[in-house]
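Have a look at the structure below, then the notes.
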Amino acid sequence: MRPAAAPAADVDNHEVQDNKAQAPSLAMARHGCSEEDVAFFILGKTQIACIPRLNAELEAKTEKLVRQAEELMVENKKKFPSVPTAQNRPYSAITDLSDEKTMPESSQLQMVVISLPSTLYSKIRNMEVQSADGVAVLEDCIGFSLTKAISKVEEKLKKGVLPDCQDDDIIPRVGNEMGAEAQIRFLKAKLRVTQEDLANLVFECRKKDDENQNLEARLKDTEEENSRLQRTISLQQSQTEKYKMLSQEANKKTEGLQQEVTALEKELENLKRAQKQAAAAQSATEVRLNRALEEVEKYKVELDKLKQSNKDVANQELKTIEELKTENKKLQKQKGELITGFKKQLKLIDILKRQKMHIEAAKMLSFTEEEFMKALEWGNY
Numbered sequence: 001m002r003p004a005a006a007p008a009a010d011v012d013n014h015e016v017q018d019n020k021a022q023a024p025s026l027a028m029a030r031h032g033c034s035e036e037d038v039a040f041f042i043l044g045k046t047q048i049a050c051i052p053r054l055n056a057e058l059e060a061k062t063e064k065l066v067r068q069a070e071e072l073m074v075e076n077k078k079k080f081p082s083v084p085t086a087q088n089r090p091y092s093a094i095t096d097l098s099d100e101k102t103m104p105e106s107s108q109l110q111m112v113v114i115s116l117p118s119t120l121y122s123k124i125r126n127m128e129v130q131s132a133d134g135v136a137v138l139e140d141c142i143g144f145s146l147t148k149a150i151s152k153v154e155e156k157l158k159k160g161v162l163p164d165c166q167d168d169d170i171i172p173r174v175g176n177e178m179g180a181e182a183q184i185r186f187l188k189a190k191l192r193v194t195q196e197d198l199a200n201l202v203f204e205c206r207k208k209d210d211e212n213q214n215l216e217a218r219l220k221d222t223e224e225e226n227s228r229l230q231r232t233i234s235l236q237q238s239q240t241e242k243y244k245m246l247s248q249e250a251n252k253k254t255e256g257l258q259q260e261v262t263a264l265e266k267e268l269e270n271l272k273r274a275q276k277q278a279a280a281a282q283s284a285t286e287v288r289l290n291r292a293l294e295e296v297e298k299y300k301v302e303l304d305k306l307k308q309s310n311k312d313v314a315n316q317e318l319k320t321i322e323e324l325k326t327e328n329k330k331l332q333k334q335k336g337e338l339i340t341g342f343k344k345q346l347k348l349i350d351i352l353k354r355q356k357m358h359i360e361a362a363k364m365l366s367f368t369e370e371e372f373m374k375a376l377e378w379g380n381y
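This is the structure in structure tokens:
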């Protein structure tokens, strides 16, 4: 029969209280207490801290266990009047009881007291202190390991040697007179409570670790944002300086432009004066221009007459040119007809020559056929 241990779900649901149990252990380590005393102090402290928070069902169970322990104590006094109490005798005596029922229970007690779930050990080993408030405590307690202390206590319990812990309140005063089986049951209940508290504390520690990681991530983000803002501020400062320089240059340019404007106004006045003079000169030139226009009109009339005469001459010349073109076309047509006639005659001459050649060839072929037939007839004979 294996010892009763909290399931994995209970361990994950009760990790919240691990920080509270770890703080006094670290304080005791700073004050020079041994690791075994710290381990037993943690067990007793977690049980004392969780007793006020137990619900009504757990209190009822503990009352039942106490009543059963008292009954078993009375029975054990009657059966074994010389058996020493569990506090004064060595731990190995619990496993040497002759009763068949107490034998497996005592072995269970030994395994329950000295063994915690492996998941809790792994969770305790994987815990890291990351908050800013716990940095000083971590530096003071370098080298202190809760798991090492518990392993040393386990080794001593396996050997049957219990350390002197008179101040521990794991078993109440009435438990000094309890029987072995009642003590085992009581310790099992206590161990369940401590395991639940340890699981809660581990959960709290992990939650704090997650919060610390989130805060570190947020801190990194804020630092990056701060650096980015610093960069933007520096860029904006440089831009403001540039804009100041540009504004100064613009002011200088505006002063120069104002001077140019004054100079241009003076020039404009001079131009107005010149324009008045030019207007007077223009009126004189207009009179001259009107006279010139009258003369131009006269010359235009004469020019129109000359153009009309030139047009008449040109029309006559065009008519003569067209007549010559028509005659030329007629001659070209006659020339083309003569050339085509010559070509046709040449083709007829070629055709007649070919016919003559064909006739001569036909005569030659008829002569050769007759000779060939004669030769064949001669061969037959």
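Anchor point for the sequence shown: position 171 equals 171 in the UniProt record's numbering, and the numbering is continuous, going up by one each time.
Backbone N, C-alpha and C fix where the C-beta goes; we use that ideal spot for every residue, glycine too.
Beta-carbon proximity of residue i to residue j, cut-off 9 angstroms
i      : j      : result
Leu65  : Ala189 : yes
Ala182 : Glu63  : no
Three-state class that DSSP yields for residue i in the structure shown
i      : result
Thr368 : helix
Ala93  : Low local confidence applies: a pLDDT of 34 at Ala93 is under 50, so the model's placement there is unreliable, and no value is given.
Cβ separation of residue i and residue j, assumed to be a contact under 8 angstroms, to the nearest whole Å
i      : j     : result
Arg185 : Gln68 : 7 angstroms
Beta-carbon contacts of residue i that lie in its chain and below 7 angstroms, excluding the five residues immediately before and after
i      : result
Met373 : none
Thr254 : none
Glu269 : none
Lys356 : none
Sequence-distant residues of the same chain with beta carbon closer than 8 angstroms to residue i, five excluded per side
i      : result
Asn328 : none
Leu352 : none
Arg228 : none
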